[in-house]
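Read through the structure below, which is laid out as structure tokens, and then see the notes.
Here it is as structure tokens:
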């Protein structure tokens, strides 16, 4: 029985971890391309989930078309945000940029509260609630789907960045903005594209998360746990972001179950932050990040 | 001629705290207004002034760390919470009097500041932001879940503050305690900024490697900035606890930390006057918002819980608009206004 519980915990952890990994991936995409750390990423995730909720419940669209329309809407919204709010701040001090994105997060969170209210909303379930039995452990279908969808998405991204022209120009910009610009890459378009892609990833994360939880305007706080994931993996590493997310997801689920009796309830909420503090003391550049060396 | 009298000719002139007789008179008038405030103001205004005072102290603390030293913290509310809860627990459970409670709240916060400061010796920028964010969430969690000590949601009720046989139970009287602390912290911060230590902190902010080369001990000054900043934050938190008389975990959340960063951005980074202006602005903002959203909520009672979203949006917008259009903050506007009148009719 203990093994089944462990299996269940790990699957749930991996599902949460996939969501963290996707949000962290959005962070990394924007950070690598534009050197801007987008604290509004969890709020973009929430906005995406809410938008598709409205499309499904109010406009009675089926799940998949609603999802696709949401992706288009979010691409437009985030591109506009990038052009209007973020672009004037490229190259400004870190604090200014961070605070603008935090302000943006506040605006989105407040708007969500104004439009949809603060009560929990039940997201229409695209999967049956019947759990799948796996080695005697009952596994939630939505969780399995989340893990698989994340894996698929990561493969798509890998191919996009490795072989497509747009993906290559984004990687070039991430490597060195000025050189990329001199080579004829439209850097402005890359900046906007990175925001658009990050918001697509965030929306997918939000919808996946909503399928096995519910919607509420403080969803973004769960999304903030992608930050420890990111730090764990290393700020500039895509692989690190994904592994970091999975590690955090599994660790907090295990801690929540096995350590609760010693450390009190709700310990899973801060496991991620405790891990990140320890990692910061031992390896300040994360598990996979490159150590920054400053030459004078 | 009209313009040259504003030029600084000697180092002595340059080092003066108040640059002109007009500034001196202005400051004295301002202090007089502050001193007599409870005599003519309504009770609610005095309460708002108390909250402003606490926020000014908190913002000064954050400005030493972020504005002067350039170490970004999203965990300022956690330090205030540590100070507030230390003071509250000592006051309610151990029955300590006010002054030792305030001081031990500040010292407790400073000790934690030193501990959090240690990893920052190797961290910069975003990594530091996430570390302080983690600290914020951990402190928030501990305050909420360590029920035997903090009584979680129920909150802790503090004893009536008293000092030398005087009771400071009402807002009118506690106002003077806050005013005294705020002025003291402001003067000390100004003093710090103009001393060798302050210049070392600014050097660390501007270019830490260059600072180390010219002989600034990075480790010492970074930790010092954390200790001083969190000491002040702890004091501010402890005063806040006494002011409210009952503290709960909600007062020291992540949003509060963002609010404090917003204060120093709106006010102006790294300046004492900026901290004061920013803190007062951010305290008065919700008053203005509730003047708008209050009637709205009573007109549409079904939507009342949603209208709380307005203040969240406005906070966000204020931060964004200031950073986009007025990165120097209110302090920058003040300086420009002053220059305009000083050099009139010339443009500069």
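Residue numbers (the working numbering), protein chains in the order written: chain U, 1 to 296; chain G, 297 to 644. Cβ atoms here follow ideal geometry from the backbone N, Cα and C, with glycine treated the same way.
Exercise. Comparing the C-beta of residue 231(U) with each C-beta of chain G, is any distance below 8 Å?
Worked result: Here residue 231(U) refers to the residue found at position 231 of the first chain. Answer yes: the Cβ-Cβ gap between residue 231(U) and chain G drops below 8 Å somewhere.
For this session: Since I believe residue 388(G) is in contact with residue 453(G) (beta carbons under 8 Å), could you give me their beta-carbon distance rounded to a whole number of angstroms?
Result: Taking the second chain and counting its residues from 1, the one referred to as residue 453(G) is at position 157. Taking the second chain and counting its residues from 1, the one referred to as residue 388(G) is at position 92. Sure, about 6 Å apart at Cβ, within 8 Å.
For this session: Determine the chain G residues that contact residue 113(U) at a beta-carbon separation under 8 Å, and present them in chain order.
Result: Here residue 113(U) refers to the residue found at position 113 when the first chain is read from its first residue. Simply 602, 604, 605, 608.
For this session: Return yes when the Cβ of residue 606(G) is within less than 8 Å of the Cβ of residue 594(G), no when it is not.
Result: To locate residue 594(G), count along the second chain from 1; it is residue 298. To locate residue 606(G), count along the second chain from 1; it is residue 310. Using a Cβ distance threshold of 8 Å, residue 594(G) and residue 606(G) do not count as a contacting pair.
Exercise. Does the beta carbon of residue 567(G) come closer than 8 Å to any beta carbon on chain U?
Worked result: Taking the first residue of the second chain as 1, we reach residue 567(G) at position 271. It does not; no Cβ of chain U falls within 8 Å.
Exercise. When Cβ atoms are compared, which residues of the segment 426-459 of chain G fall closer than 9 Å to chain U?
Worked result: If the cut-off is 9 Å between Cβ atoms, the segment 426-459 of chain G has 426, 427, 429, 430, 431, 432, 433, 434, 436, 437, 438, 440, 441, 442, 443 near chain U.
Exercise. Since residue 626(G) is in the alpha helix (DSSP H), which residue starts that stretch and which ends it?
Worked result: Position 330 of the second chain, counting from 1, holds the residue named residue 626(G). Start and end: 625-639.
Exercise. Residue 9(U) and residue 257(U): beta carbons closer than 8 Å?
Worked result: Along the first chain, read from residue 1 onward, the residue named residue 9(U) stands at position 9. Along the first chain, read from residue 1 onward, the residue named residue 257(U) stands at position 257. Their beta carbons are under 8 Å apart, which means residue 9(U) touches residue 257(U) by this criterion.
Exercise. In chain order, what residues of the same chain have a beta carbon less than 8 Å from the beta carbon of residue 413(G), not counting five sequence neighbours either side?
Worked result: The residue given as residue 413(G) occupies position 117 in the second chain. The answer, listed in chain order, is 518, 519, 521, 522, 523.
Exercise. Can you name, in chain order, every residue of its own chain whose Cβ lies under 6 Å from the Cβ of residue 279(U), other than the five neighbours on each side?
Worked result: Along the first chain, read from residue 1 onward, the residue named residue 279(U) stands at position 279. Cβ within range, chain order: 232.
Problem set entry | Collapsed DSSP secondary structure at residue 312(U) in the structure displayed | Not covered by the structure: residue 312(U). The range shown for chain U is 1 to 296.
Exercise. Just by C-beta distance, which residues in the segment 35-50 of chain U are closer than 7 Å to chain G?
Worked result: When CB distances to chain G are screened at a threshold of 7 Å, the residues of the segment 35-50 of chain U falling below it are 37, in chain order.
For this session: In angstroms with no decimal places, state the Cα-to-Cα distance between residue 474(G) and residue 372(G).
Result: Along the second chain, read from residue 1 onward, the residue named residue 474(G) stands at position 178. Along the second chain, read from residue 1 onward, the residue named residue 372(G) stands at position 76. Going from the Cα of residue 474(G) to the Cα of residue 372(G) covers about 19 Å.
For this session: Assign residue 139(U) to one of three DSSP states: helix, strand, or coil.
Result: Translated into the one-based positions of the first chain, residue 139(U) becomes position 139. Residue 139(U): strand per DSSP, three-state reduction.
Exercise. Residues bridged to residue 132(U) by DSSP?
Worked result: Residue 132(U) sits at position 132 when you count from the first residue of the first chain. Partner(s): 139(U).
Exercise. Whose Cβ in chain G lies nearer than 7 Å to the Cβ of residue 109(U)?
Worked result: To locate residue 109(U), count along the first chain from 1; it is residue 109. Ordered by position in chain G, the residues that pass the 7 Å Cβ test against residue 109(U) are 608.
For this session: Using beta-carbon positions only, say whether residue 249(U) and residue 25(U) come within less than 8 Å of one another.
Result: Position 249 of the first chain, counting from 1, holds the residue named residue 249(U). Position 25 of the first chain, counting from 1, holds the residue named residue 25(U). Not closer than 8 Å, so no.
Exercise. In chain U, what lies closer than 9 Å to residue 419(G) by C-beta?
Worked result: Position 123 of the second chain, counted from the first residue, corresponds to residue 419(G). Correct list: 280, 284.
Exercise. How is the alpha helix (DSSP H) around residue 518(G) delimited, first residue to last?
Worked result: In the second chain, counting from the first residue as 1, residue 518(G) sits at position 222. DSSP places residue 518(G) in the uninterrupted alpha helix (DSSP H) bounded by 514-540.
Exercise. Is any beta-carbon of chain G found at less than 8 Å from that of residue 138(U)?
Worked result: Numbered from its first residue, the first chain carries residue 138(U) at position 138. No, residue 138(U) does not count as interfacial toward chain G.
Exercise. Around the C-beta of residue 269(U), are 16 or more other C-beta atoms found within 10 angstroms, so that it is buried, or is it exposed?
Worked result: For the purposes of this step, residue 269(U) is taken as residue 269 along the first chain, with counting starting at 1. A residue is called buried when at least 16 other Cβ atoms come within 10 angstroms of its Cβ; residue 269(U) meets this threshold and is buried.
Problem set entry | Rounded straight-line distance, which links the Cα of residue 345(G) to that of residue 338(G) | Within the second chain, residue 338(G) is the residue found at index 42, counting from 1. Within the second chain, residue 345(G) is the residue found at index 49, counting from 1. Straight through space, the alpha carbons of residue 345(G) and residue 338(G) are spaced by roughly 11 Å.
For this session: For chain G, find out if any of its Cβ atoms is closer than 8 Å to the Cβ of residue 235(U); answer yes or no.
Result: Walking along the first chain from the start, residue 235(U) turns up at place 235. Using a Cβ-Cβ cut-off of 8 Å, residue 235(U) counts as an interface residue toward chain G, since at least one Cβ of chain G sits closer than that to its own.
For this session: Sort out for me which residues DSSP pairs residue 269(U) with in a bridge.
Result: Translated into positions along the first chain, residue 269(U) becomes position 269. Listed as beta-bridge partners of residue 269(U) by DSSP are no residues whatsoever.
For this session: Could I get the ranges of all uninterrupted alpha helix (DSSP H) runs contained in the segment 309-396 of chain G, with 4 residues as the minimum, in chain order?
Result: Complete alpha helix (DSSP H) runs here, min 4: 317-336, 339-358, 372-388.
For this session: Determine, using beta-carbon pairs with one atom in the segment 190-200 of chain U and one in the segment 77-97 of chain U, whether at least three such pairs fall under 8 Å.
Result: Verdict: yes, contact present.
Problem set entry | Member of 122(U), 126(U), 127(U), 157(U) whose CA lies at the smallest distance from the CA of residue 219(U) | Counting from one through the first chain, the residue named residue 219(U) turns up at place 219. Among 122(U), 126(U), 127(U), 157(U), the Cα nearest to that of residue 219(U) belongs to 122(U).
Exercise. So residue 75(U) is in the alpha helix (DSSP H); what residue range does that whole segment cover?
Worked result: Residue numbering aside, residue 75(U) sits at position 75 when the first chain is read from its first letter. Residues 63-81.
For this session: State yes or no: is the beta carbon of residue 218(U) nearer than 8 Å to at least one beta carbon in chain G?
Result: Stepping through the first chain from its first residue, residue 218(U) is reached at position 218. Not an interface residue.
For this session: For residue 611(G), decide whether its Cβ has a neighbour in chain U, counting only Cβ atoms nearer than 8 Å.
Result: Here residue 611(G) is taken as the residue at index 315 of the second chain, counted from 1. Closer than 8 Å to some Cβ of chain U, the Cβ of residue 611(G) qualifies, so yes.
Exercise. Grouping DSSP H, G and I as helix and E and B as strand, with all else coil, what is residue 460(G)?
Worked result: Residue mapping note: residue 460(G) aligns to position 164 of the second chain, counting from 1. Residue state, collapsed to three classes: coil.
For this session: Within 10 angstroms of the Cβ of residue 140(U), are there 16 or more other Cβ atoms? Answer buried if so, exposed if not.
Result: On the first chain, residue 140(U) is found 140 positions in, with the first residue counted as 1. By the C-beta density criterion, residue 140(U) is buried, having at least 16 other C-beta atoms within 10 angstroms.
For this session: Note down, in chain order, all residues in the segment 79-103 of chain U with a beta-carbon under 8 Å from any beta-carbon belonging to chain G.
Result: Cβ contacts with chain G come from 85, 88, 89, 92, 94, 95, 96, 98, 99, 100, 102, 103.
Exercise. Relative to the C-alpha of residue 358(G), which residue among 556(G), 579(G), 638(G), 564(G) is closest?
Worked result: Numbered from its first residue, the second chain carries residue 358(G) at position 62. The candidate whose alpha carbon is nearest that of residue 358(G) is 556(G).
Problem set entry | At least 3 beta-carbon pairs within less than 8 Å: the segment 413-427 of chain G vs the segment 230-245 of chain U | Verdict: yes, contact present.
For this session: Quick one: list the residues of chain G neighbouring residue 214(U), beta-carbon separation under 9 Å, in chain order.
Result: Here residue 214(U) refers to the residue found at position 214 of the first chain. Under the 9 Å cutoff, chain G gives no residues; its nearest Cβ is about 17 Å from residue 214(U).
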